[in-house]
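Here's the structure we're looking at; comments come further down.
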Amino acid sequence: MNKKSKSGTFFMSLGLVLLVFAIGLAAYNLWSEQNAGRKSEEIVRLLSDETAETSDDDEVVHYMGHEPYVENTYEEDAPMYMLFPEMEMPIKTIDGRDYIGVLYIDELGLELPVLSELTYPGLRSSPCRYKGSAYDGNLIIAAHNYKTHFGNIKNLTPGSVIRLIDTDNNEFIYVVQTMETLPGTAIEEMEAGDWDLSLFTCNYGGTARITVRCSLEMN
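Written out as structure tokens, the structure is:
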């Protein structure tokens, strides 16, 4: 076999290896996305069940950094976060992970649990709180760009409605105001602005963050 034939065989073999690798990677990414979607559905169901039980008993499981409130004795059943806006958002613990509520984006057909803290393992199953609180009006939530998570938030437009129901069954309704594309390292820019809610995810190259800025309509 001459050198030209050997070279052609080598590059053909290399091409086949790369093709198999690309197919395998695509299959793994698809599996990860579908698995994340199934996991989110399961957690939402469990959170909804536990929230319903809590509402029936008029109890809250616990508030991070605060003593538990066993019952609401305030006039007209005012939500406690309105009386104590600096309080931590209550959490529910499922399978060893803490959740602050469920995010609903009806326009995209999404119902997603929100983890209390951002971790890379956590992002593989659910959106995570990046910073802030719904009570203080500065909540930032991050998620992977899976289509079952935040992969399609780029399709939202001003006027789109997003809802958050916390683990104490308080509902917050937000309206999309604007979209931003920020550099992946723009931490200060992500936290800047007087936005009640921000959602963001990375683009496929990981070089930018697709960001949705929202204002609170009612709670």
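The sequence shown begins at 7 in the working numbering and counts up one residue at a time. C-beta: ideal position from N, C-alpha, C; glycine also.
Following the DSSP letters along the chain, one finds tyrosine 126 inside the alpha helix (DSSP H) bounded by residues 126 to 129. 8 Å or more divides the Cβ of serine 139 from the Cβ of leucine 121. Around the CB of threonine 184, fewer than 16 other CB atoms lie within 10 Å, so the residue is classed as exposed.
When the five nearest sequence neighbours on each side are left out, the beta carbons in the same chain lying within less than 7 Å of the beta carbon of isoleucine 216 are those of Ile159, Lys160, Thr187, Phe206, Thr207 and Asn209, in order along the chain. Bounds of the alpha helix (DSSP H) holding tyrosine 87 are 86 to 89. Leucine 203 places its beta carbon 8 Å or farther from that of glycine 107. The beta-carbon separation of threonine 191 and isoleucine 97, rounded to 30 Å, does not stay under the 8 Å limit for a contact. As DSSP reads the structure, aspartate 172 sits in a beta bridge with Gly107.
Selection Val182, Met86 and Glu48 evaluated against glutamate 117 yields Glu48 as nearest (Cα-Cα). Restricted to the stretch 155 to 211, the alpha helix (DSSP H) segments that are unbroken, complete and at least 4 residues in length are 193 to 197, listed in chain order.
Between proline 85 and tyrosine 105, the C-beta gap is not smaller than 8 Å, which leaves the two residues out of contact. Using a Cβ distance threshold of 8 Å, isoleucine 147 and isoleucine 111 do not count as a contacting pair. When Tyr141, Ala214, Met196 and Gly157 are compared, the shortest CA-CA separation from phenylalanine 178 is found for Tyr141.
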